[in-house]
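Just below is one structure, and these are the notes that go with it.
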């Protein structure tokens, strides 16, 4: 299934919450000052999302698509999708006149 913006937001939120659970389980995390914990999380969050979704994509050994942890995907180029998939995307491949 191709991911839509709302799905991407939910998947991102879930992945970030899982990252918070993971980092709180690290024994050294609680000993870091709060401002440093906040800075660390802000700087690591995007990398965590890329690494997690990159792992799913690499493990699946697929090309021209980015797999998301919730089982959806983002194709590299929506214009080369099969017609039966294009109709699922709002405003996909519309040619403005």
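Numbering (the UniProt record's numbering), first residue to last: 1 to 97.
Glycine is no exception: its CB is placed at the ideal position from the N, C-alpha and C atoms.
Rounded to the nearest whole angstrom, the C-alpha separation of residue 25 and residue 79 is 43 Å. Excluding sequence positions up to five before and after residue 60, its CB lies within less than 7 Å of the CB of 67, all in the same chain and listed in chain order. For residue 41, the enclosing alpha helix (DSSP H) has its first and last residue at 34-60. Secondary structure at residue 20: helix, using DSSP grouped into helix, strand and coil. Comparing alpha-carbon positions, the option among 71, 77, 76 lying closest to residue 10 turns out to be 71. Taken atom to atom, the span from the alpha-carbon of residue 5 to that of residue 69 is near 15 Å. Counting every other CB atom within 10 Å of its CB across the protein chains shown gives residue 77 a total below 16, marking it as exposed.
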